[in-house]
């Protein structure tokens, strides 16, 4: 991050402690999720991600600003955002966002292929 010379980057705090990482943050980008491995069932993946996002939610609930904006990137992003928000009850639910554009694009692409039309012609697709 330092190599990017980002003018708004005030500093980087490497830590293994979620409470230290989320202390007084205004924005949190949650990119760390368990990737699905070969032979892994979806329930195993979800169980691993529950542990990760429960811990992060609890830490943010304790030490983050109550107006923190939380962007969940790690897939399944929508499920992980829900889990995280559940364990951060003092943070408004509308402050949690899941980055699901990849899922949106996949849905549009699959619909276009099934219908035999260009992707640009597939409109008003909503995923949740």
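Residue numbers (my numbering): 145 to 272.
Beta carbons: idealized from backbone N, C-alpha and C, even for Gly.
Have a look at residue 179 and residue 240 and give me their C-alpha separation to the nearest angstrom.
-> 21 Å
Assign residue 213 to one of three DSSP states: helix, strand, or coil.
-> strand
Look at the alpha carbon of residue 255 and the alpha carbon of residue 175, and state the distance between them as a whole number of angstroms.
-> 28 Å
Should the region 197 to 207 be called in touch with the region 221 to 237, which here means at least 3 C-beta pairs below 8 Å?
-> yes
Kindly give me the distance between the Cβ atoms of residue 221 and residue 242, rounded to whole angstroms, as I take these residues to be in contact under 8 Å.
-> 4 Å
By Cβ distance, which residues of its chain are closer than 6 Å to residue 245, with the 5 residues on each side in sequence left out?
-> none
Apart from the five residues just before and just after residue 197, which ones in its own chain have a Cβ nearer than 6 Å to its Cβ?
-> 224, 227 and 228
Start and end residues, alpha helix (DSSP H) containing residue 192 | 186 to 207
So does the region 211 to 220 actually touch the region 160 to 172, counting three or more Cβ pairs closer than 8 Å?
-> yes
Bridge-paired residues (DSSP) for residue 257 | Its beta-bridge partners do not exist; DSSP assigns none.
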